[in-house]
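Everything on this sheet refers to the single structure shown next.
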Amino acid sequence: TSSCKRYDTGIVLYEQLNNSYRYENYPERTLGEKIRKQRNIKGLTAEELGTLCSISKNTVYSYESNTAIPRPEIMKKIINVLNVDVKYFEDDYYSFVLSENYCEYLKEWRKLLKVEELEEILNISYITYLNWEKGSMMSRNTFDKIRDKLF
Numbered sequence: 174t175s176s177c178k179r180y181d182t183g184i185v186l187y188e189q190l191n192n193s194y195r196y197e198n199y200p201e202r203t204l205g206e207k208i209r210k211q212r213n214i215k216g217l218t219a220e221e222l223g224t225l226c227s228i229s230k231n232t233v234y235s236y237e238s239n240t241a242i243p244r245p246e247i248m249k250k251i252i253n254v255l256n257v258d259v260k261y262f263e264d265d266y267y268s269f270v271l272s273e274n275y276c277e278y279l280k281e282w283r284k285l286l287k288v289e290e291l292e293e294i295l296n297i298s299y300i301t302y303l304n305w306e307k308g309s310m311m312s313r314n315t316f317d318k319i320r321d322k323l324f
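Here's what the structure looks like:
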């Protein structure tokens, strides 16, 4: 059985390598194009990726066509299933909210400001900020608005 397992693993690796060449010239300009390319390289259908990420195949297609943006917790699943580094997607938002230091960074930044300053600068409530510190993810829209103030 161990030789069968190695054989099966070899087939999977061969298929991924073959797919890698086949999809080498796929465009990678957008997040959706990168998801589609990696899904195809891994030999997954949209339905299979959706099942592995607990989303529908239509949701996968909407990400790939850039008509929807994955929430951070879904993006984390996609990254894990596709076995790619978050940096591959070259996306500041995901790099920030999915980083291991997300909560700690927010706590350190809060220590530099008074509550009133924090609310005014970021245009959010203090409670919202505390929720982020506890692991709640800020939206992409909010991140885009406050990115320059955070970094």
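Residues in the sequence shown are numbered from 174 upward in steps of one, following this note's numbering. Using N, Cα and C, we set each Cβ at its ideal position, and we do this for glycine too.
Start-to-end residues for the alpha helix (DSSP H) that takes in residue i
{"i": "Arg212", "result": "Leu204 to Ile214"}
Assigned secondary structure, residue i (DSSP; H/G/I helix, E/B strand, else coil)
{"i": "Glu197", "result": "coil"}
{"i": "Thr224", "result": "helix"}
{"i": "Leu217", "result": "coil"}
Presumed contact (8 Å Cβ cut-off) between residue i and residue j, rounded CB distance
{"i": "Cys276", "j": "Ile247", "result": "Between Ile247 and Cys276 the Cβ distance is about 19 Å, and since that is not below 8 Å, they are no contact."}
{"i": "Ser172", "j": "Gly205", "result": "Outside the shown range of the chain (174 to 324) lies residue 172, about which nothing can therefore be said."}
{"i": "Tyr259", "j": "Ser268", "result": "Looking at the sequence itself, residue 259 is Val, so the reference to Tyr does not match. Rounded, the Cβ-Cβ distance is 6 Å, consistent with contact."}
For this session: Counting only runs of 4+ residues fully inside the stretch 229 to 317, write out the alpha helix (DSSP H) ranges in chain order.
Result: You should have 230 to 237, 245 to 255, 265 to 270, 275 to 284, 288 to 295 and 299 to 306.
Exercise. Is the stretch 234 to 246 touching the stretch 279 to 295 in the sense that three or more CB pairs, one from each, lie closer than 8 Å?
Worked result: These segments do not touch.
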